[in-house]
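As structure tokens, the structure follows; a few thoughts come after it.
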Amino acid sequence: MNKIISILIIMLLVSLKSFACDCELPSSDIEEHWKRADQIFIGEVIESTSDKLYTASGLNFTYQTIRVAESLKGHFHPKFRLRTFEIPSPGSCELYFEVGKKYLIYANESYPILSAHLCSRTSSLEEVEESEIEALRRLTKYYGEEKRPTVVIEKTEAEQELEIARARIEELNNTKKWLFGTSLALVLLLLLSVFTGLRRKKDEVQHGT
-16 MNKIISILII MLLVSLKSFA CDCELPSSDI EEHWKRADQI FIGEVIESTS DKLYTASGLN
44 FTYQTIRVAE SLKGHFHPKF RLRTFEIPSP GSCELYFEVG KKYLIYANES YPILSAHLCS
104 RTSSLEEVEE SEIEALRRLT KYYGEEKRPT VVIEKTEAEQ ELEIARARIE ELNNTKKWLF
164 GTSLALVLLL LLSVFTGLRR KKDEVQHGT
């Protein structure tokens, strides 16, 4: 019985992540992840800073700077190796990177800011197999890169506020899903505890007779 309870607890804890972030693609499909990403590269995190912007919404952002070591998709120039990632406050589905570590990153862009989703194949470089990197190189060579000029588009204050509001709504929805999953886990654990107690009493009565 104790083994069953332990297995159920592990399954519940693992499933909590799925309540927060729904993943459409299987993590093993490298080509589909390559197609969905705007940029893919190997890079090292060199800086991380936190700011509280737009006090009306009270949303916290972390900005992380990554130096590109090898580009596997996207427009790249050797003189412009730095990339900036924006991560909303906890509750979002964006990955947070550790300063000093190297990663294989599948990024989506909203120029000039990038983001990496929890459901992407983004991972610490030490956990990535060489076969995946070789597959990405082959895909880039096979599909080639579309040449287009870089255009800087300044967003209006209204557009920025709209993005903040959307991020806030997503954060609240993710928090609700997490709370639902946690509540469900607690209810099941309570039921298992009651069942175990009744089973123990029944065994004691049988042994007593």
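Counting with the working numbering, you get residues -16 to 192 for the letters of the sequence shown. Using N, Cα and C, we set each Cβ at its ideal position, and we do this for glycine too.
Next on the checklist: Considering only DSSP beta bridges, list what S33 is partnered with.
Outcome noted: Looking up residue 33 in the sequence shown gives position 50. Answer by DSSP bridge pairing, in chain order: T45.
Next on the checklist: So, for A99: in the same chain, excluding its five sequence neighbours on each side, which residues have a beta-carbon less than 6 Å away from its beta-carbon?
Outcome noted: As a first step, residue 99 is located in the sequence shown; it is residue number 116 there, counting from the start. Within its own chain, the residues whose Cβ lies closer than 6 Å to the Cβ of A99, once the five positions on either side in sequence are excluded, are L78, I88, A90, T105, listed in chain order.
Item to check | Straight-line gap, E30 to R64 (C-alpha atoms, nearest Å) | outcome: Residue mapping note: residue 30 aligns to position 47 of the sequence shown, counting from 1. Residue mapping note: residue 64 aligns to position 81 of the sequence shown, counting from 1. The alpha-carbon of E30 is positioned some 14 Å away from that of R64.
Checklist entry - Out of L108, V188, P71, T179, which has the shortest C-alpha to C-alpha gap to K53? => result Here residue 53 refers to the residue found at position 70 when the sequence shown is read from its first residue. Per the sequence shown, residue 53 should be read as Glu rather than Lys. Considering only alpha carbons, the answer is L108.
Item to check | First through last residue of the beta strand (DSSP E) which encompasses L87 | outcome: In the sequence shown, residue 87 corresponds to position 104, counting from 1. For L87, the enclosing beta strand (DSSP E) stretches over residues 85 to 93.
Next on the checklist: Taking only three categories from DSSP, how would you classify T179?
Outcome noted: Here residue 179 refers to the residue found at position 196 when the sequence shown is read from its first residue. In this structure, T179 counts as helix in the three-state DSSP scheme.
Checklist entry - Under 7 Å, do E69 and F44 count as touching if we go by C-beta distance? => result Position 86 of the sequence shown holds residue 69. Position 61 of the sequence shown holds residue 44. A contact, by the Cβ cut-off of 7 Å.
Checklist entry - Tell me the DSSP bridge mates of E77? => result Here residue 77 refers to the residue found at position 94 of the sequence shown. Its beta-bridge partners are H100.
Next on the checklist: Nearest by alpha-carbon distance to I25: which of Y86, K56, S11 is it?
Outcome noted: What you label residue 25 is simply residue 42 of the sequence shown in a count that begins at 1. Here the closest residue by C-alpha is Y86.
Item to check | CA-to-CA distance, I152 to F178, given in whole angstroms | outcome: Position 195 of the sequence shown, counted from the start, is the residue given in the question as residue 178. Position 169 of the sequence shown, counted from the start, is the residue given in the question as residue 152. Rounded to whole angstroms, F178 to I152 spans 39 Å at the Cα level.
Checklist entry - Ends of the beta strand (DSSP E) at T67? => result Position 84 of the sequence shown, counted from the first residue, corresponds to residue 67. It spans 65 to 71 - the beta strand (DSSP E) in which T67 sits, taken as one unbroken run.
Item to check | Limits of the unbroken alpha helix (DSSP H) element including L122 | outcome: Taking the sequence shown and counting its residues from 1, one reaches residue 122 at position 139. DSSP places L122 in the uninterrupted alpha helix (DSSP H) bounded by 113 to 126.
Item to check | Status (buried if at least 16 other CB within 10 Å, exposed otherwise) for H16 | outcome: Here residue 16 is taken as the residue at index 33 of the sequence shown, counted from 1. By the neighbour-count rule (16 or more Cβ atoms within 10 Å), H16 is buried.
Item to check | Top-ranked residue by Cα proximity to S93, from Q22, D12, Q189 | outcome: Against the sequence shown, residue 93 aligns to sequence position 110. Per the Cα distances, Q22.
Next on the checklist: Taking DSSP's pairing of strands, which residues face G57 in a bridge?
Outcome noted: The count along the sequence shown starts at 1 and reaches residue 57 at position 74. In DSSP, G57 forms no bridge with anything.
Checklist entry - Is the CB-CB distance between L97 and R66 below 7 Å? => result Counted from its first residue, the sequence shown places residue 97 at position 114. Counted from its first residue, the sequence shown places residue 66 at position 83. Yes, they are a contact pair.
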